[in-house]
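Under the working numbering, the first residue of the sequence shown carries the number 12, and numbering increases by one thereafter.
For every residue, glycine included, the Cβ atom is placed at its ideal position computed from N, Cα and C.
Since this is a predicted model, take the numbers as computed values, not measurements.
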Amino acid sequence: MDYAFNIENFTKIISADVVPDGADGLSFSLGETDFTIKKPYIDLDGEEMGNSIYIDNNDGLLLSMRITQNYLFVHYCDNKNYNFKQLYQDSPKEIISFANFCWKKVVEEMQNPDLGKDPFELLFKGHEMPHELKLLKQFQDDFGYYYADGFMLRAEDKSPASSWSDNPDFLGHLIPFATANGSGSFYAIWNDGTSRKLGEMPVIVFGDEGGVHIVAESTLQLMHLLTYDAEITVDFDQTYFYKSDEYYQESDDHVEDTSWLKSNFNLDIIENPDSIVENAQEKYKELFDKWFEQYYSEQ
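See below:
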């Protein structure tokens, strides 16, 4: 497809298979700008809606591109009152330039083979996503994020591990996939270069204050640790789980999570998380530290 802004090209984009039917449409972000593409649909009041591309630069400028009565219109809003004006050749140059830029980006993004795919699944591109994480992601989508204190499956646009090293080989062996606490720590699978599946490889916790430690032998072991329902503490020299009986508040969906883990993996609520962490470190700490020191040193 060329970059010509016309009904033919606009219709190709709106009608693309990657754009779902219905009011939600297809949403994606490029930099700070959000895009939503919608096929024509009938709303609850019987009105025809969609057939549009809606753009928000998150800095006070909105664009609406839409086919109405076989004509292609562009409207813009640059004020807080949401008063949209039609875009003409004599409209402000910066808005015309932004509209042209956005249209070009939409055309290019529609050629992206990963468009419309779950960002979390794309974390594992080139590898088989661990089965247990696939099921946990579905559980999280169904119940929400509040099932284990500090934990949430999450896809990052840029690997947070780059704070330790931006070496491509370093980043290529790590798959950050979840938050570990409320202050910025995160969990990552370490691809140790063996022939095992990703789900059978060690899980690392990267602390928001710099500590990096082995925490589990596998993703399923980490999920077992979640039944303790406590944020992990990550110091420079150690990592551990701790909760106070006096101040502990159960996560909203913790009961559902533990029941789900029991039903799917026959895992009971853990009483001593330290044993899992210690056994994992005994097995993998020396290997991981040797690998990690190639790319990062505290000195």
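In this structure, Ser196 is the residue among Ser173, Ser102, Ser196 and Ser176 with its C-alpha nearest to the C-alpha of Arg165.
Residue environment analysis places His224 among the buried positions, since at least 16 neighbouring C-beta atoms fall within 10 angstroms of its C-beta. Contact annotation: Leu83 and Phe21 have beta-carbon atoms nearer than 8 Å. Per the Cβ contact rule, the region 142-160 is not in contact with the region 168-185 (fewer than 3 Cβ pairs under 8 Å). Of the candidates Ser108, Leu37 and Tyr258, the residue whose Cα lies closest to the Cα of Gly127 is Leu37. In this structure, the alpha-carbon of Tyr239 lies about 7 Å from that of Glu282. In the DSSP assignment, Tyr158 falls outside any alpha helix (DSSP H) and carries neither an H nor an E.
Taking the CA atoms as reference points, Asn290 sits about 48 Å from Thr47. Runs of the beta strand (DSSP E) lying entirely within the region 239-289 and spanning at least 3 residues, in chain order: 243-245 and 250-252.
Close CB contacts of Ile18 within its chain, under the 7 Å cut and outside five residues either way in sequence, are with Ile78 and Leu83 (chain order). For the set Gly210, Phe188, Thr190 and His235, the Cα lying nearest the Cα of Leu272 is the one of His235.
Cβ neighbours of Asp264 within its own chain (closer than 7 Å, five residues either side excluded): Phe154, Gly155, Tyr157 and Tyr158. Rounded to whole angstroms, the separation of the alpha carbons of Glu105 and Glu220 is 42 Å. By the neighbour-count definition (other C-beta atoms within 10 Å, threshold 16), Gln292 is a buried residue.
Secondary structure remark: continuous alpha helix (DSSP H) runs of at least 4 residues inside the region 73-160, in chain order: 104-120, 130-133 and 142-154. Sixteen is the threshold: since fewer than 16 other Cβ atoms of the shown chains lie within 10 Å of the Cβ of Ala15, the residue is exposed. Here Lys148 has Phe131 and Leu164 as same chain residues with Cβ atoms under 7 Å from its own Cβ, once five neighbours each way along the sequence are excluded.
Taking Trp175 as the centre and dropping the five residues before and after it, the same chain places the C-beta of Tyr307 closer than 6 Å to its C-beta, in chain order. Residue environment for Glu257: exposed (fewer than 16 other C-beta atoms within 10 angstroms of its C-beta). According to the DSSP assignment, Lys49 belongs to no alpha helix (DSSP H) but to the beta strand (DSSP E) extending over Thr44 to Lys49.
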